[in-house]
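Reviewing the structure listed below.
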Amino acid sequence: MIYRESGQFKKTYEADQAILPLRTDQIFMVGVLLVAFLVIPMVASNYVMNALLLPFLIYALAAIGLNLLVGYCGQISLGTGGFMAVGAFAAWNLATRTELPMPVIFLLAGLITAGTGVLFGLPALRIKGFYLAVTTLAAQFFLIWLLQRPWFNNYSPTGVISAPTVDMFGWTVDSVTDRYYLALIILVIMALIAKNIVRSSTGRKWMAIRDMDVAAEIIGIRPMATKLKAFAVSSFFIGIAGVLWGFLYLGQLEAEAFNIYVSFDVLFMIIIGGLGSILGSIIGAAFVVLVPIFLNVVPSAIGLPLGTAMISYVEIFIFGVLIIFFLIVEPHGIARLWSIVKQKLRLWPFPY
Amino acid sequence: MMFFFEVLIGGLMSGIMYALVALGFVLIFKASGVFNFAQAAMVLFAAMFMAGMYGDWGVPYWLAIPITILLMIGLAWVIERFVLRHLVNQEPIIMFMATIGIFFAIIGFAEIIWGSRSRTLDVGLPDDMLFIGDMLFQQYDIVTALMVAVLVVLLMIFAQKTRMGRVLRAVADDHQAAQSVGIKLSTVWVVVWSVAGVVAVVAGIVWGGSLGVQPVMVDVAFKALPVLLLGGLTSIHGAIIAGLIIGAGEALAEVYLGPIIGGGIDNWFAYIIAMAFMVWRPEGLFGEKIIERI
Numbered sequence: 008m009i010y011r012e013s014g015q016f017k018k019t020y021e022a023d024q025a026i027l028p029l030r031t032d033q034i035f036m037v038g039v040l041l042v043a044f045l046v047i048p049m050v051a052s053n054y055v056m057n058a059l060l061l062p063f064l065i066y067a068l069a070a071i072g073l074n075l076l077v078g079y080c081g082q083i084s085l086g087t088g089g090f091m092a093v094g095a096f097a098a099w100n101l102a103t104r105t106e107l108p109m110p111v112i113f114l115l116a117g118l119i120t121a122g123t124g125v126l127f128g129l130p131a132l133r134i135k136g137f138y139l140a141v142t143t144l145a146a147q148f149f150l151i152w153l154l155q156r157p158w159f160n161n162y163s164p165t166g167v168i169s170a171p172t173v174d175m176f177g178w179t180v181d182s183v184t185d186r187y188y189l190a191l192i193i194l195v196i197m198a199l200i201a202k203n204i205v206r207s208s209t210g211r212k213w214m215a216i217r218d219m220d221v222a223a224e225i226i227g228i229r230p231m232a233t234k235l236k237a238f239a240v241s242s243f244f245i246g247i248a249g250v251l252w253g254f255l256y257l258g259q260l261e262a263e264a265f266n267i268y269v270s271f272d273v274l275f276m277i278i279i280g281g282l283g284s285i286l287g288s289i290i291g292a293a294f295v296v297l298v299p300i301f302l303n304v305v306p307s308a309i310g311l312p313l314g315t316a317m318i319s320y321v322e323i324f325i326f327g328v329l330i331i332f333f334l335i336v337e338p339h340g341i342a343r344l345w346s347i348v349k350q351k352l353r354l355w356p357f358p359y
Numbered sequence: 011m012m013f014f015f016e017v018l019i020g021g022l023m024s025g026i027m028y029a030l031v032a033l034g035f036v037l038i039f040k041a042s043g044v045f046n047f048a049q050a051a052m053v054l055f056a057a058m059f060m061a062g063m064y065g066d067w068g069v070p071y072w073l074a075i076p077i078t079i080l081l082m083i084g085l086a087w088v089i090e091r092f093v094l095r096h097l098v099n100q101e102p103i104i105m106f107m108a109t110i111g112i113f114f115a116i117i118g119f120a121e122i123i124w125g126s127r128s129r130t131l132d133v134g135l136p137d138d139m140l141f142i143g144d145m146l147f148q149q150y151d152i153v154t155a156l157m158v159a160v161l162v163v164l165l166m167i168f169a170q171k172t173r174m175g176r177v178l179r180a181v182a183d184d185h186q187a188a189q190s191v192g193i194k195l196s197t198v199w200v201v202v203w204s205v206a207g208v209v210a211v212v213a214g215i216v217w218g219g220s221l222g223v224q225p226v227m228v229d230v231a232f233k234a235l236p237v238l239l240l241g242g243l244t245s246i247h248g249a250i251i252a253g254l255i256i257g258a259g260e261a262l263a264e265v266y267l268g269p270i271i272g273g274g275i276d277n278w279f280a281y282i283i284a285m286a287f288m289v290w291r292p293e294g295l296f297g298e299k300i301i302e303r304i
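Chains as they are written, first to last, in my numbering: chain A, 8 to 359; chain B, 11 to 304.
Shown next, in the form of structure tokens:
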């Protein structure tokens, strides 16, 4: 009833290739964007924006990047934190050592991360599965160690360096609202790019490699180029997320802030949100950011206050259980549940 | 030269401890093809229960250790019943991610009960200096090495001589064939996770005794993974030998290479050893050739 479509009425290729073919979905998406761009900055307090929305937007970007690699190309990676750190530190060094404008720095930092990703993706040409997971783990530890060398933080005595103010085309991104807008704009653009990549021949090649690499090679897909492209694109996204994380959210950089548990967090997001879904990455990021808040609020609301330490333990436990739950019940995550709901709405109220 | 040998032996001893964690991985991988990321969490779980029961409840160690072993068997049952059973026939990578979930669930559970403060775990292993010739040894290290040797021999006997061991090897060879001759997979999985749990108890005693029991202990997982790859995923003696190689290599690198390129390299040096070796022999020292070439 809500979705009133009753057949294929597309007359042009444009209509056939639309990301959101249905009017209802289009209206919904415009509504979401309007809320994100207009309503939230008006109603959200600075605290909510800084502690909730910024990490959510940036994590969502990193999750999209990782999902391109894990969900679409089937190459598992535990090195997300390390690659985020590469992006952040590359941007910081470019910003302090050169006079380049900020947008160029963002792009270059992304490209440097992409190069690093390709370098550590090379083992994927010979190994896969757990072996690859361990190799990317090596990347994580090595990169964090490397970025703790004094040269990378310009011989700062404490090892902690403060990020420069971001200046985009004459727009000085300073207040919380500005930072929210910048992160949101970048996320929307990158999500759109990601969505289009996975619908293109590149994305279809990735999925072919994921589903069965030998068969993919036989139908003429070059595994090497395809996998390395996945590593490059994924790392580019993750690198940009790293820049935003350092420059907009933390405000100061230290390599330890990008440790292995950041990698796990982003992996959780894509498992919970949905492997192989751009929307899922965003939902997963929201979920992972919200669970700690939820645990803070709910127990005290029902008269069972937990200590701060206890909350963090319960949080770890719940994440573990949720991962198992989603892997068992719905390996395609919340995004899949969402599409099931849509399918049901299509027939409601007269299912056959 | 004396200094070199002391560093070497210190490295070999920590290598034994890595091997002890890697051993648990190998057992589970051999019997079920599951790459059990949660092994280090099981070590922490066991160590926290032993230290917690002794420290908070005053349970003596001779009682706390058997209780912990029973707990590990219970844990194995829970994991089989609520996780593995539902994931039969899933892709290995899904299983791997599920064990990451188990990893966090176990750690969270142990912390909910015992908190995250650091505890000591001293079950009474001798801990004195010992001079052999001019060289300094820790008695603790020697006792540890002996314990590991005994454990490995017991595991070998279990795998080669007992009925259950034969069953395990049959399942490892071919799940379906084993099922068709009447082996119950679920029982086998509980048994093998229990055995890995017992290994985790031993590792917990050894690690907790030397480093204290605290949640940071799970970082040993990240040391055990390269050991596992170097030794080959399916070989018990491979895990031990690789543990020794990596422990020694890491200690020597930290002492001799560390000052040149900056300290703290032991975090990733093990991975470099393992990866350099895998370029030459992707299946590890004693592994079966299971990697598909792509």
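Each residue gets a CB set at the ideal place from its N, CA and C atoms; glycine is no exception. Every value quoted in this text rests on a predicted model; they were computed, and no experiment measured them.
Distance between B:V44 and B:A187 (C-alpha atoms, nearest Å): 18 Å
Can you name, in chain order, every residue of its own chain whose Cβ lies under 6 Å from the Cβ of A:N57, other than the five neighbours on each side? V183
Which residues share a DSSP beta bridge with B:T109? In DSSP, B:T109 forms no bridge with anything.
Does B:R127 come out as helix, strand or coil in the three-state DSSP assignment? coil
Sequence-distant residues of the same chain with beta carbon closer than 8 Å to B:I304, five excluded per side: Interpretation of B:I304 is limited by its pLDDT of 45, a score under 50 that renders its predicted location unreliable; the figure taken from the coordinates is listed afterwards. So the list is empty, once near-sequence residues are dropped.
At a CB distance below 7 Å, what residues from the segment 75-104 of chain B approach chain A? Give them in sequence order. V93, H96, L97, P102, I103 and I104
Where do the ends of the alpha helix (DSSP H) carrying B:V200 lie? L195 to L221
Across which residues does DSSP place A:D174 in a beta bridge pair? A:T179
Is DSSP giving A:L101 helix, strand or coil here? helix
Less than 8 Å between CB atoms is the rule here; does B:L195 satisfy it with respect to chain A? no
So with Cβ pairs under 8 Å, would you call B:P236 a contact of chain A? yes
Residue range of the unbroken alpha helix (DSSP H) whose run includes B:F47: Segment: none, B:F47 is in no alpha helix (DSSP H) and carries neither H nor E.
Here's a check: name, in chain order, each residue in its chain whose Cβ is nearer than 8 Å to the Cβ of A:T172, leaving out the five neighbours to either side. T179, V180 and D181
According to DSSP, A:L260 sits in a beta bridge with which residue or residues? A:I168
Does the beta carbon of A:F148 sit closer than 8 Å to a beta carbon anywhere in chain B? yes
Could you check what DSSP says for B:Q100 in three-state terms: helix, strand or coil? coil
Beta-carbon of B:I304 versus every beta-carbon of chain A: anything under 8 Å? In this prediction, B:I304 scores a pLDDT of 45, lower than 50, which makes its location untrustworthy; the coordinate-derived value is nonetheless stated afterwards. Answer yes: the Cβ-Cβ gap between B:I304 and chain A drops below 8 Å somewhere.
Please classify A:I391 as buried or exposed, where buried requires at least 16 neighbouring CB atoms within 10 angstroms. Nothing can be reported for residue 391 of chain A: it is not among the residues displayed for chain A, which extend from 8 to 359.
With 16 as the cutoff for other CB atoms within 10 Å, does B:P269 come out buried or exposed? exposed
Helix or strand or just coil, what does DSSP make of B:Q148? strand
Going by DSSP, what residue range makes up the alpha helix (DSSP H) through A:N303? I285 to A308
Thinking C-alpha only, which one of B:F296, B:Q148 and B:I193 is nearest B:V177? B:I193
Reference A:L68, options A:W252, A:T209 and A:L297, closest by Cα: A:W252
Suppose contacts are defined by Cβ-Cβ distances below 8 Å. Is A:A97 in contact with A:F243 by that definition? no
B:H185 in three-state terms, based on DSSP: helix
Within chain A, the residues that B:L239 reaches when beta carbons sit closer than 7 Å: Y138 and V141
Whole-number beta carbon distance between A:L73 and A:S241, since they are thought to touch under 8 Å: 6 Å
Give me the Cα-Cα distance between B:R95 and B:A56, rounded to the nearest whole angstrom. 23 Å
Of all Cβ atoms in chain A, is any one closer than 8 Å to the Cβ of B:W199? no
Are any of the Cβ atoms in chain B nearer than 8 Å to that of A:M219? no
Taking C-beta pairs closer than 9 Å, name the residues in chain A that B:P269 reaches, listed in chain order. Ordered by position in chain A, no residue passes the 9 Å Cβ test against B:P269, which lies about 14 Å from the chain.
When we look at the beta-carbon of A:I83 and count the other beta-carbons within 10 Å, is it buried (16 or more) or exposed? buried
With a threshold of 6 Å on Cβ separation, who are the neighbours of B:V209 within its own chain once the five nearest residues in sequence on each side are excluded? L33 and G34
In this structure, how does DSSP classify A:V269 when only helix, strand and coil are distinguished? helix
Roughly how many angstroms lie between the CA atoms of B:E101 and B:A61, to the nearest whole one? 37 Å
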